[in-house]
């Protein structure tokens, strides 16, 4: 602001308190009319009225604010001045922030007292202008760690303006500024009321809320983790459409380390949100992060008790990805849930083909080996069976797989063969769902689906004759037709767990 020039509308827009805004408007009018003493008096009214409102708002959370607020109310009842008492008590507290704010209040109070009495001391234009501009910058435009009033203003601002337009860089700074303007003791209230407004206050509000929540989580602050868990999961049941919660949890997965008071309800709500989440790559990557950290950061008993349905929902979204190995490595019920998802999905021939495609084209070298390492032998055999059935149903990659003796997935194949040889009775049960016990024996299954030697390893001069190849193809086709029929499209495969 240039010396002596007051931009009235610009200053008034920065004032939060409506009563203070009225006083400040009068102060500026007096200033522009040359009544500088009156301008200082009205500026003091604006500033101390603002402090009075802030103290009243803050009283439930701070003893100093409570005591000062009571003193103000008592002074009002007795029609006495309260400004000096406000300053006396505030200067000993930390509520005024930097020392310069205390200096300003003392100077303003002194100038007000002189201006209100016939002291003979002149109030200059420069000093009146300084009191107005500093009053706005130091007090009236600041929230001095607001409580409920500050929360209400934040919610109103979230509806009115886009706080995170595309050109704004460093969104965390915006969120940090909002948090720092509020006392930490009202952060839980702020989050609760922000959640209440989602879906009811318009798209601009919803966007602001989602980004603020994500920024709050990125702080990885234990108190904020507690608030987010309480207000998102423990105290309410969010609708399944609240897929924004995935972004928040992915920003700080430690939010899920707490235990809800109603474990089953929290688990059901979280799993429903995950099921409704879109399958775009960005969202799947965040779900993968949540799954990995959830598995690594919690014990198997805790996962079983708190997040069984959540894990199932995550598996349903991520079953094609090698991150499933993390769940298999957890063993116990968690491994059962992962295997159950894999086997149920690959009962569908197209899904079995899709899994094989992902293993071939998306998994890194060595990931199939670790996947097989933690897969149970029983599940390995059942997965091989599902892939073979898909191959017999003319799924391209699966068909080529069984012609190579499943050699393209060597570690899963080895695990299945080991189980086949060491658990003959269980293998019979997996391979034979017919009451007449006419399904293939474990040895037959091995001979026709797991033993076939890869063609590229057979030298040309050692290859079978055309007659031998034709006979082999005829026998394999006859066996495949019989096996596929007995399996009834694998509809009766027993579920793990």
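In full-length UniProt numbering, the protein residues as written are 1 to 497. A virtual CB, placed ideally from N, CA and C, is assigned to each residue, including glycine. Please read these numbers as outputs of a predicted model, since none were measured by experiment.
Collapsed DSSP secondary structure at residue i in the structure displayed
i           : result
residue 389 : helix
residue 121 : coil
residue 182 : strand
residue 289 : helix
residue 158 : helix
residue 225 : helix
residue 56  : helix
residue 198 : coil
residue 381 : helix
residue 395 : coil
residue 405 : coil
residue 502 : Because the chain spans 1 through 497 in this model, residue 502 falls outside it and cannot be assessed.
residue 440 : coil
residue 423 : coil
residue 99  : helix
residue 77  : helix
residue 142 : coil
residue 192 : helix
residue 297 : helix
residue 277 : coil
residue 164 : coil
residue 62  : coil
residue 147 : coil
residue 110 : helix
residue 231 : helix
residue 503 : Coverage of the chain is limited to positions 1 through 497, which leaves residue 503 absent and any answer about it impossible.
residue 491 : With a pLDDT of 47 at residue 491, under the threshold of 50, the modelled position of that residue is not reliable, and no figure is offered here.
residue 460 : Confidence in residue 460 is poor, its pLDDT being 48 and thus under 50, which makes the residue's placement too unreliable to answer from.
Residue from the options with nearest C-alpha to residue i
i           : options            : result
residue 229 : 204, 261, 205      : 261
residue 105 : 82, 48, 142, 56    : 48
residue 222 : 244, 6, 257        : 257
residue 245 : 264, 263, 198      : 198
residue 43  : 29, 56, 55, 54     : 29
residue 201 : 235, 162, 184, 182 : 162
residue 193 : 150, 172, 215, 353 : 150
residue 190 : 226, 148, 180      : 148
residue 314 : 284, 241, 298, 360 : 284
residue 215 : 362, 174, 317, 444 : 174
residue 243 : 287, 54, 183       : 287
residue 281 : 317, 172, 328      : 317
residue 350 : 271, 388, 41, 292  : 388
residue 373 : 11, 361, 416       : 416
residue 408 : 426, 446, 450      : 450
residue 308 : 263, 60, 391       : 263
residue 140 : 377, 113, 11, 36   : 11
residue 361 : 336, 270, 322      : 322
residue 113 : 37, 102, 56, 179   : 37
residue 501 : 298, 251, 312      : Because the chain in this structure spans residues 1 to 497, residue 501 falls outside the shown range and cannot be described.
residue 172 : 431, 220, 116      : 220
residue 89  : 121, 239, 55, 111  : 55
residue 384 : 217, 366, 396, 356 : 356
residue 381 : 339, 247, 212      : 339
residue 181 : 204, 164, 195, 153 : 153
residue 187 : 224, 176, 218, 297 : 224
Boundaries (first-last residue) of the alpha helix (DSSP H) holding residue i
i           : result
residue 325 : 324-330
residue 258 : Where residue 258 is concerned, there is no enclosing alpha helix (DSSP H), given that its DSSP letter is neither H nor E.
residue 205 : 203-218
residue 300 : 300-306
residue 247 : 244-251
Min CB distance residue i to chain C below 9 Å
i           : result
residue 114 : Reference to chain C is not applicable here, since this structure consists of a single protein chain.
| task | May I ask you to verify whether the region 156-170 touches the region 59-78, counting CB pairs closer than 8 Å and requiring at least 3? | result | With the cut-off at 8 Å, the region 156-170 and the region 59-78 do not touch.
| request: Say whether the region 128-142 touches the region 63-72, bearing in mind that this needs 3 or more beta-carbon pairs closer than 8 Å, one atom from each stretch. | output: no
| task | Spell out a yes or no on whether the region 199-212 and the region 154-165 are touching, meaning 3 or more CB-CB pairs, one atom from each, closer than 8 Å. | result | Of all C-beta pairs linking the region 199-212 to the region 154-165, three or more are shorter than 8 Å, placing the two stretches in contact.
| query | For the region 310-371, which segments carrying the alpha helix (DSSP H) assignment without a break, of at least 4 residues, lie completely within its bounds, in sequence order? | reply | 324-330, 332-346, 349-361
| At least three beta-carbon pairs within less than 8 Å, the region 44-62 to the region 12-28 | yes
| Secondary structure, beta strand (DSSP E): runs of 3+ residues fully inside the region 5-51 | none
| said: Taking contact to mean 3 or more Cβ pairs, one atom from each stretch, closer than 8 Å, check whether the region 325-345 and the region 298-312 are in contact. | reply: yes
| Meets three-Cβ-pair contact criterion under 8 Å: the region 332-352 and the region 407-415 | no
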